[in-house]
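Asker: Heads up, the sequence shown is in UniProt numbering, so the first residue is 1 and it goes up one at a time.
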Amino acid sequence: MATAAKTTPQDLPPKGGYGPIVTERTKLRSIFSGRSMILGYFAVTSVSFYIYFKGYKVIKKHEVEMRSARMVMFPLLLAERDREYLKQLRRNRDSETELMKNVKNWETGTYYGEPIYKTAKSSKLIDPDCLEYYAFASDKDYQDRAEISLWT
Numbered sequence: 001m002a003t004a005a006k007t008t009p010q011d012l013p014p015k016g017g018y019g020p021i022v023t024e025r026t027k028l029r030s031i032f033s034g035r036s037m038i039l040g041y042f043a044v045t046s047v048s049f050y051i052y053f054k055g056y057k058v059i060k061k062h063e064v065e066m067r068s069a070r071m072v073m074f075p076l077l078l079a080e081r082d083r084e085y086l087k088q089l090r091r092n093r094d095s096e097t098e099l100m101k102n103v104k105n106w107e108t109g110t111y112y113g114e115p116i117y118k119t120a121k122s123s124k125l126i127d128p129d130c131l132e133y134y135a136f137a138s139d140k141d142y143q144d145r146a147e148i149s150l151w152t
């Protein structure tokens, strides 16, 4: 038959038994006291506020400068936009004159001598729609503008 494997003796408690289990609270060694923690908090907070507001003043000063620059540049950009708009209208008029020079009774800006807008004064500028504005421009310019119009 099978023989039992040789085993080592089982561990037993020490002679006289185990010592008592310690259940009372052991006080941790504190590095900082409560008072020093509060004082440290106020010191760090005070220094942080000082640094923050010093940077805040610089940022606000920069924002004022940028706002002033934008306010100065905006009218110039509007004037340039309007100038380019009027130049394109003049190019359109000149192209229409050149294109229709061989057509009998054709006046530029009219439809065979009759005004397009009968109720509007002749001195009033009627803004052309997008297709009329880009009538004599390149196709790429019109397509770029038409795509922008679709997104806005």
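Positions of the beta carbon are idealized from the N, C-alpha and C atoms, including for glycine.
As the structure is a prediction and not an experimental result, all values here were calculated from the model.
What number of angstroms, rounded off, separates the C-alpha of Ala137 from the C-alpha of Thr97?
Answerer: Taking the first residue of the sequence shown as position 1, residue 137 is located at position 137. Taking the first residue of the sequence shown as position 1, residue 97 is located at position 97. Near 15 Å, if we compare the C-alpha coordinates of Thr97 and Ala137.
Asker: By how many angstroms is the C-alpha of His62 removed from the C-alpha of Val47?
Answerer: Indexing the sequence shown from 1 puts residue 47 at position 47. Indexing the sequence shown from 1 puts residue 62 at position 62. Distance between the alpha carbons of Val47 and His62 is about 23 Å.
Asker: Can you confirm whether the segment 141 to 152 touches the segment 98 to 118 when touching is taken to mean that 3 or more C-beta pairs between the two stretches lie within less than 8 Å?
Answerer: With a cut-off of 8 Å, the segment 141 to 152 and the segment 98 to 118 do not count as touching, because too few Cβ pairs lie within range.
Asker: Suppose the cutoff is 8 Å on Cβ atoms and the five residues either side in sequence are ignored; what does the same chain contact list for Phe32 look like?
Answerer: Within the sequence shown, residue 32 is the residue found at index 32, counting from 1. Cβ within range, chain order: Gly40.
Asker: Distance cutoff 7 Å, beta carbons only. Does Arg93 sit that close to anything in chain D?
Answerer: Included in the structure is just one protein chain, with no chain D present.
Asker: Return helix, strand or coil for Thr26, following the three-state DSSP convention.
Answerer: The sequence position of residue 26 within the sequence shown is 26, counting from 1. In the structure shown, Thr26 sits in coil (DSSP, three-state: anything other than H, G, I, E or B).
Asker: By Cβ distance below 7 Å, which residues in the same chain neighbour Ile126 in space, the five residues on each side in sequence not counted?
Answerer: Residue 126 sits at position 126 when you count from the first residue of the sequence shown. Cβ neighbours of Ile126 beyond the five flanking positions: Tyr117 and Ala120.
Asker: Consult DSSP for Pro75 and reduce its assignment to one of helix, strand or coil.
Answerer: Within the sequence shown, numbered from 1, the residue matching residue 75 stands at position 75. In this structure, Pro75 counts as helix in the three-state DSSP scheme.
Asker: Please report the Cβ distance between Gln88 and Tyr133, rounded to the nearest whole angstrom; I am assuming they are in contact, meaning their Cβ atoms lie under 8 Å.
Answerer: For the purposes of this step, residue 88 is identified with residue 88 of the sequence shown, where counting begins at 1. For the purposes of this step, residue 133 is identified with residue 133 of the sequence shown, where counting begins at 1. Yes, they are in contact, since the Cβ atoms of Gln88 and Tyr133 sit about 7 Å apart, within 8 Å.
Asker: Can you tell me which of the three DSSP states Thr110 falls into?
Answerer: Taking the sequence shown and counting its residues from 1, one reaches residue 110 at position 110. The answer is strand: DSSP assigns Thr110 an E or B state.
Asker: Who pairs with Pro115 in a beta bridge, going by DSSP?
Answerer: Your numbering for residue 115 matches position 115 in the sequence shown. Answer is Thr110, bridged to Pro115.
Asker: For the alpha helix (DSSP H) that Tyr134 lies in, which residues bound it at each end?
Answerer: In the sequence shown, residue 134 corresponds to position 134, counting from 1. Per DSSP, Tyr134 belongs to no alpha helix (DSSP H) and is neither H nor E.
Asker: Exposed or buried, Asn92, counting other C-beta atoms within 10 Å across all chains shown (16 or more means buried)?
Answerer: Walking along the sequence shown from the start, residue 92 turns up at place 92. Asn92 should be labelled buried.
Asker: Quick check: what's the CA-CA separation for Ser95 versus Val58?
Answerer: For the purposes of this step, residue 95 is taken as the residue at position 95 of the sequence shown. For the purposes of this step, residue 58 is taken as the residue at position 58 of the sequence shown. Their Cα atoms are separated by approximately 54 Å.
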